[in-house]
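Asks:
Protein chains: 2
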Amino acid sequence: MEKLRVNEQRLWLTHVEMGKIGALPNGGCCRLALSDEDKMGRDLFIRWSREAGCEIRIDAAGNIFARRPGLDNSLPAVATGSHLDTQPHAGLYDGIYGVLAGLEVFRTLNDAGIETQAPLENIVWTNEECVRFSPPTSGSMVFTEQLGIAELHQAKTTDGTTVGQDLQRLGYLGDHITMASHKIGCFIEAHIEQGPILEQQNKTIGAVTGIQGARMFEVRVTGQDNHAGTTPMPLRRDALTGATRMVLWLNELVADQGDDIRLTIGRFNVSPNSASTVPGAVTFQIDLRHPQMTVLNALEDRIRMGLAEKARQAGLGLTIKDICAFAPVAFDGALVAMIEAQAVASGYSVMRMLSGAAHDAGNLAALVPTAMIFVPCEKGISHNEAERATPGDLAAGANVLLYTMLSRAG
Amino acid sequence: MEKLRVNEQRLWLTHVEMGKIGALPNGGCCRLALSDEDKMGRDLFIRWSREAGCEIRIDAAGNIFARRPGLDNSLPAVATGSHLDTQPHAGLYDGIYGVLAGLEVFRTLNDAGIETQAPLENIVWTNEECVRFSPPTSGSMVFTEQLGIAELHQAKTTDGTTVGQDLQRLGYLGDHITMASHKIGCFIEAHIEQGPILEQQNKTIGAVTGIQGARMFEVRVTGQDNHAGTTPMPLRRDALTGATRMVLWLNELVADQGDDIRLTIGRFNVSPNSASTVPGAVTFQIDLRHPQMTVLNALEDRIRMGLAEKARQAGLGLTIKDICAFAPVAFDGALVAMIEAQAVASGYSVMRMLSGAAHDAGNLAALVPTAMIFVPCEKGISHNEAERATPGDLAAGANVLLYTMLSRAG
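If you read the protein sequences in the order shown, they are chains P and B. Numbering of the first sequence is given in my numbering, commencing with residue 2 and proceeding in unit increments. Numbering of the second sequence is given in my numbering, commencing with residue 2 and proceeding in unit increments.
1. Answer with buried or exposed for P:Q202, where buried requires no fewer than 16 other C-beta atoms within 10 angstroms of its C-beta.
2. Anything in chain P within Cβ reach of B:D252, meaning under 9 Å, just list it in chain order.
3. Going by DSSP, what residues sit across from P:I150 in a beta bridge?
4. At the level of alpha carbons, what is the spacing between P:M19 and B:L168?
5. Would you check if the distance between the CB atom of P:G170 and the CB atom of P:D86 is smaller than 9 Å?
6. What are the start and end residues of the alpha helix (DSSP H) that includes P:F134?
7. Reducing DSSP to helix, strand and coil, say where P:T284 ends up.
8. Which of the three DSSP states, helix, strand or coil, is assigned to P:D239?
9. Drop a sphere of 10 angstroms on the beta-carbon of P:E116, count the other beta-carbons inside from all chains shown, and report buried for 16 or more, exposed for fewer.
10. Any heavy atom of the ligand ADP closer than 8 Å to the CB of P:T205?
11. My output table needs one value for P:K184: the three-state DSSP class, helix, strand or coil.
12. Excluding the five sequence neighbours on either side, which residues of its own chain have a C-beta within less than 8 Å of the C-beta of P:D176, listed in chain order?
13. My output table needs one value for B:I340: the three-state DSSP class, helix, strand or coil.
14. Just tell me which of P:A119, P:L289, P:K40, P:P280 has its CA closest to the CA of P:D73.
15. Run the CB neighbour count on B:D160, radius 10 Å, all protein chains shown included, and call it buried at 16 or more, exposed below.
16. Whole-angstrom Cβ separation of P:A282 and P:V369, contact assumed at under 8 Å?
17. Report the option in B:E219, B:R51, B:E56, B:I374 whose CA atom is closest to the CA atom of B:L308.
18. Could you say which of P:T138, P:L289, P:A34 lies nearest to P:L365 if we only look at CA atoms?
19. From the DSSP output, in three-state form, read off P:I374 for me.
20. Threshold first: 3 residues or longer. Then list the beta strand (DSSP E) segments lying entirely within the stretch 63-114 of chain B, N to C.
21. When you compare the CB of B:D288 with every CB in chain P, is at least one pair closer than 9 Å?
22. Between P:I22 and the rest of its own chain, which residues show a CB-CB distance below 8 Å, the 5 nearest in sequence each way excluded?
23. Less than 8 Å between the CB atoms is what I'm expecting for P:M234 and B:V255, so what's the real figure, rounded?
24. Hey, does B:A70 have any beta-carbon neighbour from chain P nearer than 9 Å?
25. Could you tell me the alpha carbon to alpha carbon distance between P:E388 and P:M306, rounded to whole angstroms?
26. So that I know if they touch, is there some Cβ in chain B lying closer than 9 Å to that of P:Q293?
27. Taking Cβ-Cβ distances shorter than 8 Å, what residues in chain P pair up with B:I262?
28. Examine chain P for any beta-carbon lying closer than 9 Å to the beta-carbon of B:S277, and answer yes or no.
29. Which term fits B:N27, buried or exposed, when burial requires 16 or more other beta carbons within 10 angstroms of its beta carbon?
30. Report the CB separation of B:E122 from B:G96 in whole angstroms; it is logged as a contact under 8 Å.
31. Taking P:S182 as the reference, which of P:G267, P:L76, P:C131 has the closest Cα?
32. Quick one: what does DSSP say B:T210 is sitting in, helix, strand or coil?
33. Can you list the beta strand (DSSP E) stretches of 3 or more residues lying completely in the stretch 217-279 of chain B, in chain order?
34. Using a Cβ-Cβ cutoff of 8 Å, what residues of the stretch 63-91 of chain B are near chain P? List them in chain order.
35. Is B:N385 near B:H84, with beta carbons less than 9 Å apart?
36. In chain order, what residues of the stretch 102-133 of chain B put their CB closer than 9 Å to some CB of chain P?
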């Protein structure tokens, strides 16, 4: 008998269809968390999931749980999923693939008439990306009780609303639920790698052993607004010049920290941001990542001291606010081994690897056996409209997900 | 008989009243050109001017001409005025003072029952500040035919509207008029200095002899959006790091150019401006000023070459767009001398000086005898909520304006 396989073309066309919501001119899409586009993406996901026989539950963080009932629904669910929200200039796969791979697994099981002992769940986590509001992976943080629901509801979005208001407005504000009342037996997240390693190593499947640690800080540099035409250069307290010195110093600081270090200043806002005014304030965010906690601790100390020194030298004010911190995560050894074994059994090349990016799976790992399945993306490009993955690789990852879930669901 | 004087308290309270529109928490105000607040300020100005017996005319650029008729209205008007639009974190005086001083002159003449041979005009020019749209001093540029009215109407605002749409929406879109059909005999603009010189020299009145030259360029630096967690540092094409190198190089470049040089990067925008994405693009604006054309020319050449070199070294794309250029301006010698004489006759200390900031008067100077009257502002602080001027200094400037206008209007 032929081995059961997901439908490669259906999985691909599902991505194409979802990518039409918030479509961008260069082939990417933009569905910022809890925007109108995000709502449309969510609505579409729910329709597809219901058509695939799922029951839908929405929690107070806006997380969507699409449940395919099992023969014994008292068993904890074997769960998969990821996120549908995107970066501003995103591709069609980051997060989305994990959700649509889960859907394709359900459709494939339906087509084959397969029922499982344990129920299966496909979960859409709210705001993995942290564009309109903080922190990243907020939905899975709430579910795993690492973030209070009240704190999330009060968080301000870049549009001046609160997350609570947005959830209400979009019709995605459900009851608060956690692992205590909603049992999950394990969590397996499929995702594009978002890095160049699988492509370089010519492997189809990454069995992800863990996630590097990440910390984010918000730095505010304050000087004085003044007139561009009349204020002599030596009398200025120019926050932008001061902040640019800090940015370059941060880049120099990590230059000798080896291959695993990542330091990014992705958000950088100047105030009042007017052409003829010496800028009185700059706020920027530092995203620092490394697999080792000791390295992160040492760098954080050096960054705090170094920025304070730079501000002092320039006569500028400085505040540094913690935005979030993710400890390095180790995934469940047995689940990683199962992913590896299922990849081999399905005839795919596979390698163990670490995730450079944070994922919702990192939050789940503290409470249940968790692992991730990576598939290659072209040149490692992600958070970019040029993000690409092949139909064959996406199907390969979904097949490994299918068999890994079946191995756990009985 | 006592010498005619403006009403110091009335002038002061008029500033206080205008400052309530778009009031900010720290005592300043924000009335961006063609915003709802700007409309409210304009409406109030028109009401006050009508109450002072003025006829109102509005042109296609939204400029407001408040005319106090003379005994012989075939004579060209003796004109004053400035602007009511502000920077985002502005004080109560920059621009506003020139308009309200003109109004106070009219009120003072009314109180004394004085009629002039020539008509007087008090003009509110549109968008001196260049915050919501370019170029700066756009209203006076259109009136003096240095900017086409169609070009202004098509200009995009930072809110995504066009200037034409905004004028229409606010009810400030009149017929296109220029000096050819609307005759002005001279233009005298009162303004706070926006620099520290009068205060340092302990003078009340500055008789402004001209304006330094200014050029603005928009620089766009392009790299590649990518994921903050997965993209190794050496493989990044980070537009923000590249742009910060440029900003620091520009500051170094002008460090040995003497006291008269001004280089400001006031507007600086990062794209996609998301914490977990390596920025793929930065757009920033350079505001370069100096009293000598030769220095501006030499620096512009060095800037173009230097930035191209920096971009090449970093593997980044670069475009440089001209935003505007103002040649150094020399004001009318006879008018400057008259301002000086009237200051002395009124008992005020006076000095000749150059303007560090661009002003609408700079555009008028090409067509009619033009000059400016400066009064001190505290510590030279401007484009800032902490901008301050004293009631006595504001009245002194208005008295000099009164007598200079009378000397020309007969």
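All residues carry an ideal CB built from backbone N, CA and C; glycine is no exception.
Replies: If we stick to the structure as given:
1. exposed
2. According to the sequence displayed, residue 252 of chain B carries Asn and not Asp. The answer, in chain order, is M234, D239, T242, T245.
3. DSSP output for P:I150 lists no bridge partner at all.
4. 40 Å
5. Contrary to the premise, residue 170 of chain P reads as Arg rather than Gly in this sequence. No, the Cβ-Cβ distance between P:R170 and P:D86 is not below 9 Å.
6. Looking at the DSSP string, P:F134 is not in any alpha helix (DSSP H), and its letter there is neither H nor E.
7. strand
8. coil
9. exposed
10. Inclusion of the ligand ADP in the displayed structure is not the case, the ligand content being empty and no account of it being possible.
11. coil
12. D60, A61
13. In the structure shown, B:I340 sits in a helix (DSSP, three-state: H, G or I).
14. P:A119
15. exposed
16. About 44 Å; that fails the 8 Å criterion.
17. B:E219
18. P:T138
19. strand
20. 65-69, 78-83
21. Chain P places a beta carbon closer than 9 Å to that of B:D288, counting this residue as a contact.
22. C30, R32, E38, M41, G42, L45
23. 7 Å
24. Inspection of the sequence shows that residue 70 of chain B is occupied by Pro rather than by Ala. No, because no Cβ of chain P sits closer than 9 Å to the Cβ of B:P70.
25. So the two alpha carbons sit approximately 37 Å from each other.
26. no
27. Taking the beta carbon of B:I262 as reference, the chain P residues within 8 Å of it are M234, listed in sequence order.
28. yes
29. exposed
30. That belief does not hold up - the Cβ atoms of B:E122 and B:G96 are roughly 17 Å apart, past 8 Å.
31. Nearest option by C-alpha distance: P:L76.
32. strand
33. 263-272
34. Q88, P89, H90
35. no
36. E130, C131, V132
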